[in-house]
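In the working numbering, the protein residues as written are -14 to 359.
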């Protein structure tokens, strides 16, 4: 009997608890974690960094742009168009005339004009057209292949000569203007900045132009020989070379006025440029030369010709020898040897190391003046 009563009471208790939970009467409070104490602020939060500091003044001035139009107006009368005619041959060896165009600038009012060697060399006829439309045939042409410079003389007086500036004063970022006979369409101008100075560029075998001014001013065919001028209207370079490739944008070069004036002076006064002379014709060693001539070395310059009576001839150098050292300079190619020769003095005695077959030979040469071009 007692067991029945206990079961009955337990059943009632379970029913009562279930009803309380369902109705929300029973609430069990879960204790919440204690709130953390707030951290005290750093002790120096309110300390000033610099009590007397004030904001920098706001500059209200508008940057001044160069007056390029005035520069062009000043220099343009001194720039000339140079037109050339060449005799060339077709595939059937029939001669025909081909025209070329370039630029130049007046350096002397009595008809002396500066341009590039590659503009006029080999031309059958050269004519110079001034900004006022007058045209003059070239009377005298003097060129220097190594520096790619030339001077043309025409029969004219009182011409507007350009001023020459000091390229050594140029800074990267300076504004410059290139003026010339772009595309042979007449005298026009483009502007840019100096991108670099003192650049050297190899333009052909044995010919490297040094001390070039690099610019992003647009250079096009026909600009060669024209002036690159500063914002004072002074010629600080002679436009000469442009890099052309799909991935190249805005890279042109001008021969600096500092280097060019030394060459121009000699072309005018002597008719040619006097340099230290060794008297050899050179070929940079490559794998073909090593195999063809069975050479003992794979670096240096192969001597292909020696001028009779030249310093090289007097030193015992012969065709077929390979020069590997000139003075203190190790020689790997023709450009390096030419530069080494020109960096010496006329009359200087220089040690030269070369290979003849399997034999290494040391000799000495006394450099002389380069002879007039034949």
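All C-beta atoms in this analysis are idealised placements derived from N, C-alpha and C, irrespective of residue type, glycine included.
If you're wondering where the values come from, they're calculated on a predicted model, not measured in any experiment.
Are the beta-carbon atoms of residue 222 and residue 242 separated by less than 9 Å?
Yes, they are a contact pair.
Between which two residues does the alpha helix (DSSP H) harbouring residue 297 extend?
Annotation for residue 297: the continuous alpha helix (DSSP H) segment containing it runs 296 to 299.
Is residue 76 buried or exposed, if buried means 16 or more other CB atoms sit within 10 Å of its CB?
With fewer than 16 other Cβ atoms within 10 Å, it is exposed.
Quick check on residue 349: buried or exposed, where buried means 16 or more other Cβ atoms within 10 Å of its Cβ?
By the neighbour-count criterion, in which 16 or more other beta carbons inside 10 Å mark a residue as buried, residue 349 falls on the exposed side.
Taking contact to mean at least 3 C-beta pairs separated by less than 8 Å, is the stretch 295 to 313 in contact with the stretch 344 to 359?
Yes, they touch.
Are at least three pairs of beta-carbons, each pair with one atom in the stretch 303 to 319 and one in the stretch 333 to 343, less than 8 Å apart?
In this structure the stretch 303 to 319 touches the stretch 333 to 343; the number of beta carbon pairs closer than 8 Å is three or more.
Could you give the DSSP three-state label for residue 244: helix, strand or coil?
Residue state, collapsed to three classes: helix.
Rounded separation between residue 41 and residue 33 - CA only
Whole-angstrom Cα-Cα distance: 18 Å.
Buried/exposed call for residue 306, threshold 16 Cβ in 10 Å
Using a 10 angstroms sphere on the CB of residue 306, the tally of other CB atoms reaches 16 or more, which defines it as buried.
Buried or exposed, going by whether 16 or more other CB atoms sit within 10 Å of the CB of residue 361?
Residue coverage of the chain in this structure runs from -14 to 359, which leaves residue 361 outside it and unanswerable.
Excluding sequence positions up to five away, which residues of its chain have a Cβ less than 8 Å from the Cβ of residue 15?
Residue placement at residue 15 cannot be trusted, given a pLDDT of 41 that sits under 50; the coordinates are not used to answer.
Can you give me the Cβ contacts of residue 346 inside the same chain, cut-off strictly under 6 Å, excluding the 5 residues immediately before and after it?
Once the five neighbours on either side are set aside, the close Cβ partners of residue 346 are 339.
Are the beta-carbon atoms of residue 206 and residue 168 separated by less than 9 Å?
Remark: C-beta atoms of residue 206 and residue 168 approach each other more closely than 9 Å.
Extent of the continuous beta strand (DSSP E) to which residue 276 belongs
Not the beta strand (DSSP E): residue 276 falls in the alpha helix (DSSP H), residues 272 to 278.
Would you give the residue range spanned by the alpha helix (DSSP H) that residue 324 belongs to?
That run of the alpha helix (DSSP H) goes 319 to 327.
If you run the structure through DSSP and keep just helix, strand and coil, what is residue 110?
It is a strand residue.
Using a 10 Å radius around the Cβ and a threshold of 16 neighbouring Cβ atoms, would you call residue 158 buried or exposed?
Exposed: under 16 other Cβ atoms inside 10 Å.
Check the DSSP bridge columns for residue 99 and list the partner residues they point to.
According to DSSP, residue pairing for residue 99 in a beta bridge involves 90 and 136.
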